[in-house]
Structure formats: C-alpha cells, structure tokens
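Notes to accompany the following structure.
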Amino acid sequence: MDRDAWDRRHRERDSLWHLDPNRFLVPEVEGLTPGRALDLAAGAGRNAVWLATRGWSVTGVDWSEVALDRAQRLAEHHAVEVEWILADLREWQPPPALFDLVVIIHLQPPGAERARTWGKAAAAVAPGGRLIVIGHDAANLTEGWGGPQDPANLYTAQEVVDTIGGDLEVVRAERVLRREEAEDGVHHAVDNIVVAVRR
Ligand SMILES: C[S@@+](CC[C@H](N)C(=O)[O-])C[C@H]1O[C@@H](n2cnc3c(N)ncnc32)[C@H](O)[C@@H]1O
Numbered sequence: 005m006d007r008d009a010w011d012r013r014h015r016e017r018d019s020l021w022h023l024d025p026n027r028f029l030v031p032e033v034e035g036l037t038p039g040r041a042l043d044l045a046a047g048a049g050r051n052a053v054w055l056a057t058r059g060w061s062v063t064g065v066d067w068s069e070v071a072l073d074r075a076q077r078l079a080e081h082h083a084v085e086v087e088w089i090l091a092d093l094r095e096w097q098p099p100p101a102l103f104d105l106v107v108i109i110h111l112q113p114p115g116a117e118r119a120r121t122w123g124k125a126a127a128a129v130a131p132g133g134r135l136i137v138i139g140h141d142a143a144n145l146t147e148g149w150g151g152p153q154d155p156a157n158l159y160t161a162q163e164v165v166d167t168i169g170g171d172l173e174v175v176r177a178e179r180v181l182r183r184e185e186a187e188d189g190v191h192h193a194v195d196n197i198v199v200a201v202r203r
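Going by our numbering, the sequence shown opens with residue 5, and the numbers climb by one from there.
Take a look at the structure:
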C-alpha cells in the first residue's frame, strides 16, 4: 500500500481514545526499565502512546500525516509527549545505537524493503537495548485470518532472524496466535514475534 492508501485507511478508522497496545508487545516491555524508545510505522500511535504512559521517552515514525495527526491527539488525550516524525522509512535513517527499545509492529512491505528497515532498526538499538518486531506471519494466509493477502507482504520470524541475527542476539523468535472476535465468530490470526538484544 502506498502513502495515500494508508492516509485513506487511517481516515476511515474511528478514533479511539483508550489505549490498545499490541498484546504481544505489552508483556515484552513490562519488565523493562523505561528509556528511549523508537516506534517505526507507529500508525495512529497506540503503541507509542502506551509506551509514553509507561515512562518511555518515545519517538514515533510514520509516513501517514493522517495517522500522526491522530497519534498526536491520542498523546494529548493521555497527557503524554511523543516526538512524531513524518517520514518514509525507505529513506529515513534513525540515529545509530541511540534507543533502548525499537519496535516495529505490522509493517509488511515486500522482501528487500522490509529487510532494509529491520536492518536500520537493529542499528538504532543502543548497547543493552532491544528490538521487537511483530508482524503477520507467512502461515496466516493458509492457517490464519485477515491480514495482507499477497504472500509478498508476509514473512516468517526466521526471515527477521536471518536479517538482524548477525548484529543482535535473538532471544525470542516464534509464531504467535492472535485471537480476534469478528461478526462471524472467533478467529485466530497467525503473527510472529522476534525479540533481539544488543549485548
Ligand atoms: C498496519 S499499520 C500498523 C501501525 C502500528 N504499528 C500499530 O501497530 O498500530 C502500518 C503502518 O505502517 C505505515 N507505513 C507503511 N509503509 C511505510 C513507510 N514506507 N514509511 C513509513 N510508514 C510506513 C503506514 O502508514 C501504517 O500506519
């Protein structure tokens, strides 16, 4: 999806003021001491704002102006400050080794593009910091529900490991099931999560 398509999609969504961070992110972060966090493809800010309410100093990056406008309003609603950067991740370069936490959640561009972003994200992790990548798994197409329907936009945890494993130490890489309730009943989407640290 291009930038205009993302603007349209964000515009169509209802604005929600309650915090709804990604369910797999929450337990990974809860035990950590807050520091500087970078949220790549921050969207309407649910994860970045949640992190800020937990004491993190957060920078959120997205190329959708509509999304970041909503994200800023969400931050104001929860009385936290987040630095928002409107940028295309294919071009934007994060400062190296600065962040105690870097998260990428449900960013699903095709192969080489996502690998470059994961590489940049890994390089932005400070010593002692961690990278968390959560996304729609390749198996979701046949075993899951919803999500992107073009296999080019899906990947495996192993693909993330192969990209960033030389730089960071991978401590978790696996598929996870996301239970969703829809009008036609309960479904399970197949996601994956990779957590890696810079020792
Ligand atoms: C599925 S949403 C996920 C948003 C957020 N991470 C979350 O979990 O709610 C994907 C986001 O990636 C952003 N995005 C896609 N390609 C991008 C790019 N090249 N540069 C910056 N943002 C991008 C879209 O604008 C969209 O907000």
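Beta carbons: idealized from backbone N, C-alpha and C, even for Gly.
Here D24 is actually not in contact with R7; their C-beta atoms are around 24 Å apart, not less than 8 Å.
R203 and A177 have their alpha carbons spaced roughly 17 Å apart.
In the structure shown, R12 falls within a helical segment according to DSSP collapsed to helix, strand and coil.
Judged by DSSP secondary structure, V107 falls within the beta strand (DSSP E) whose first and last residues are 103-109. Residues of the same chain with a CB within less than 6 Å of the CB of D104, apart from the 5 flanking positions on each side, are G39, R40, A130, G133 in chain order. Exclusion of A156 from the 7 Å shell around ligand 1 follows from its C-beta lying no nearer than that to any non-hydrogen atom of the ligand. The nearest non-hydrogen atom of ligand 1 is less than 7 Å from the C-beta of R94. Here the alpha carbon of G59 sits roughly 23 Å from the alpha carbon of H110.
Using a Cβ-Cβ distance cut-off of 8 Å, the region 188-196 and the region 146-156 are in contact, since at least three pairs of beta carbons, one from each stretch, lie closer than that value.
Taking the Cβ of R50 as the reference point, at least one heavy atom of ligand 1 falls within a distance shorter than 7 Å. About 7 Å separates the CB atoms of L93 and A45; that is less than 8 Å, so the two are in contact. Counting the other Cβ atoms within 10 Å of the Cβ of D43 gives 16 or more, which makes it buried.
At the C-beta level, V106 and A128 come within 8 Å of one another.
For W149, the secondary structure class from DSSP, reduced to helix, strand or coil, is coil. Rounded to whole angstroms, the gap between the alpha carbons of S61 and L102 is 12 Å.
Within the same chain, and ignoring the five residues on either side of A52 in sequence, the residues whose Cβ sits closer than 6 Å to its Cβ are D43, A46, V62, G64, V86.
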